[in-house]
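**Q** 142 is the number that the numbering used here gives to position 124 of the sequence shown; each next residue is one higher, with no gaps.
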Amino acid sequence: MKTPTYSEFVLRRLHSLTGVIPLSFFIFFHFSANSFSTVGEEAFDGVVKQLRGLPFLEAIEWGLLFSPFLFHMVYGMYIIFTSRSNPRRQSYGRNWAYVMQRVTAIVVFVFILYHVIGIRFIDAAGQPRVYELLHAKFSNPFTYWWYIVGITCTCYHLANGICTFLMTWGITVGRTSQRFAAGAMTAVGLILLFIGVSAVNGFLKVPKRPDMPLNVHQVLPTTSAPTSKETLVAKQ
Ligand code: HEM
19 MKTPTYSEFV LRRLHSLTGV IPLSFFIFFH FSANSFSTVG EEAFDGVVKQ LRGLPFLEAI
79 EWGLLFSPFL FHMVYGMYII FTSRSNPRRQ SYGRNWAYVM QRVTAIVVFV FILYHVIGIR
139 FIDAAGQPRV YELLHAKFSN PFTYWWYIVG ITCTCYHLAN GICTFLMTWG ITVGRTSQRF
199 AAGAMTAVGL ILLFIGVSAV NGFLKVPKRP DMPLNVHQVL PTTSAPTSKE TLVAKQ
């Protein structure tokens, strides 16, 4: 295995660090905020309103969120498509985890672009009734299952990523500490998965307001032309 140059070493460490700070912390916060959907429309839209009212929101988003996300995603893709195979000699289980870390990275890459561009920048931009919008979106089975896959891959990538992060930074060196970290992170991943899936299911509750559409197709206006009989009646 060739020795990395100084800049490669720094970029690798930065990639590793951004995976935890801020990405993993943000995912926990994001899933927890979204789980207000389980309380109801008012509670969820209230949380959205509060977050949108944060001072310096754009600076926080671009400086602390989008930039580290973009760096981790783009450099992650570079790592995946330039490294040949697992360079370290490891157990069968850890080799699988290594492969799955990269497979889930690619799924999460597509999912994040789809989610952030679609929801943050297009559908929910300036829209006050976000619960209603997501209710309509998740009523489509394709969208619903795509979110479940995206959330599951995110949870795996985050939980296994924290295990490798602890090894990268020399926090878990021995076998016992690595096993302990693997157990603890499995629990963390499963808890996060529960919160994420519950948040999505929270949007599928029976709508409280009678005017709320039941699914995405019912949001569209009905444009069918009046029948000749209806026109005749209207004229009379
Ligand atoms: C939900 C968002 C994400 C979170 C929370 C996250 C978190 C992490 C963490 C904690 C690590 C471990 C770092 C280490 O081993 O020191 C990691 C590794 C990695 N991430 Fe992410 N990540 C996310 C999204 C992505 C995306 C979209 C990609 C796109 C390609 C990606 C690519 C990678 C790769 C390739 C590794 C392995 C690096 C290595 O083994 O050297 N990640 N990620």
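In this text, a Cβ means the ideal position worked out from N, Cα and C, and glycines have one as well.
1) With 8 angstroms set as the bound, which would you pick, yes or no: does the beta-carbon of Phe43 sit closer than that to a beta-carbon of chain B?
2) Can you name the start and end residues of the alpha helix (DSSP H) that Trp163 belongs to?
3) Quick one: give me the first and last residue of the alpha helix (DSSP H) that Pro86 is part of.
4) Using 10 angstroms around the beta-carbon of Pro146, count the other beta-carbons present and answer buried if the total reaches 16, otherwise exposed.
5) Measure the C-alpha to C-alpha separation of Ser53 and Ser216 and round it to an integer number of angstroms.
6) So, helix, strand or coil for Lys67, using DSSP?
7) Applying the 10 Å Cβ sphere with the 16-neighbour rule, what's the burial state of Ser101?
8) Tell me where the alpha helix (DSSP H) around Ala154 begins and ends.
9) Can we say the stretch 29-39 touches the stretch 199-210, given the rule of at least three CB pairs closer than 8 angstroms?
10) Between Asp141, Cys173, Ala143, which lies nearest to Val121 when the distance is taken from Cα to Cα?
11) Specify the secondary structure class of Thr194 as computed by DSSP and reduced to three states.
12) Helix, strand or coil for Thr21, going by three-state DSSP, please let me know.
13) Shorter than 7 angstroms, the distance from the beta carbon of Val65 to the closest heavy atom of the ligand HEM, or not?
14) Tell me whether Leu176, by its Cβ, gets closer than 7 angstroms to a heavy atom of the ligand HEM.
15) Helix, strand or coil for Pro73 per DSSP?
16) How is Ala143 classed by DSSP in three states: helix, strand or coil?
17) Tell me where the alpha helix (DSSP H) around Thr122 begins and ends.
**A** According to the structure data:
1) Structure shown: chain B not included; a single protein chain is present.
2) It spans 159-186 - the alpha helix (DSSP H) in which Trp163 sits, taken as one unbroken run.
3) In the DSSP assignment, Pro86 falls within the alpha helix (DSSP H) that extends over 85-100.
4) With fewer than 16 other CB atoms across the displayed protein chains lying within 10 angstroms of its CB, Pro146 is exposed.
5) For Ser53 and Ser216, the gap between their C-alpha atoms comes out near 7 angstroms.
6) Helix at Lys67.
7) So Ser101 ends up on the exposed side.
8) Unbroken alpha helix (DSSP H) run through Ala154: 148-156.
9) No, the stretch 29-39 does not touch the stretch 199-210.
10) The shortest Cα separation from Val121 among Asp141, Cys173, Ala143 belongs to Cys173.
11) Under the three-state reduction of DSSP, Thr194 is assigned to helix.
12) Of the three classes helix, strand and coil, the one that applies to Thr21 here is coil, per DSSP.
13) With a cutoff of 7 angstroms, Val65 does not count as near the ligand HEM, since its C-beta is closer than that to no heavy atom of the ligand.
14) Yes; taking the cut-off as 7 angstroms, the Cβ of Leu176 has a heavy atom of the ligand HEM nearer than that.
15) Coil at Pro73, not helix or strand.
16) Three-state result, Ala143: coil.
17) Boundaries of the alpha helix (DSSP H) around Thr122: 110-133.
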